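Undergrad: Residues in the sequence shown are numbered from 694 upward in steps of one, following the numbering used here. All C-beta atoms, glycine included, are put in the ideal place defined by N, C-alpha and C. Please read all numbers here as calculations on a predicted model, not as lab measurements. Here it is, the structure, as structure tokens.
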Amino acid sequence: MTQSDQQHIEDLQFRIAFLEQNLDDLNDIVTQQQAQISLMERAVKHLNSRLEQVSPANIKSPEDETPPPHY
């Protein structure tokens with residue numbers, strides 16, 4: 694094996710190591726984002742249920758609303 698072949702192999706090994714590190718970093722980011730998305734989904738569901746509890750008492754249904762003056 695010549696020196697240039699050895700250098701090419703080492704270069705490829707460095708590139709693979711770099712790509713593996715990037716893949717691990719991106720996987721960590723995706724995992725964190727999924728946890729945040731799950732938390733936000735739970736918060737939205739909670740807010741929706743709270744809104745449904747409050748909605749009948751404070752907001753008229755569209756059928757009960759009078760049309761705006763421009764109709």
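Tell me which residues share the same chain as Leu744 and place their Cβ nearer than 6 Å to its Cβ, disregarding the 5 neighbours each side in the sequence.
TA: The answer is none, since no qualifying residue turns up.
Undergrad: Measuring straight from C-alpha to C-alpha, what distance separates Gln706 and Asp698?
TA: About 12 Å.
Undergrad: In whole angstroms, what separates the C-alpha of Asp721 from that of Ile730?
TA: Looking at the two C-alpha atoms, the distance is approximately 14 Å.
Undergrad: Using the C-alpha atoms, what's the distance from Pro760 back to Asp718?
TA: Roughly 55 Å separates the two Cα atoms.
Undergrad: When the Cα atoms are used, what is the spatial distance from Lys738 to Glu756?
TA: Taking the straight line joining both Cα atoms gives about 26 Å.
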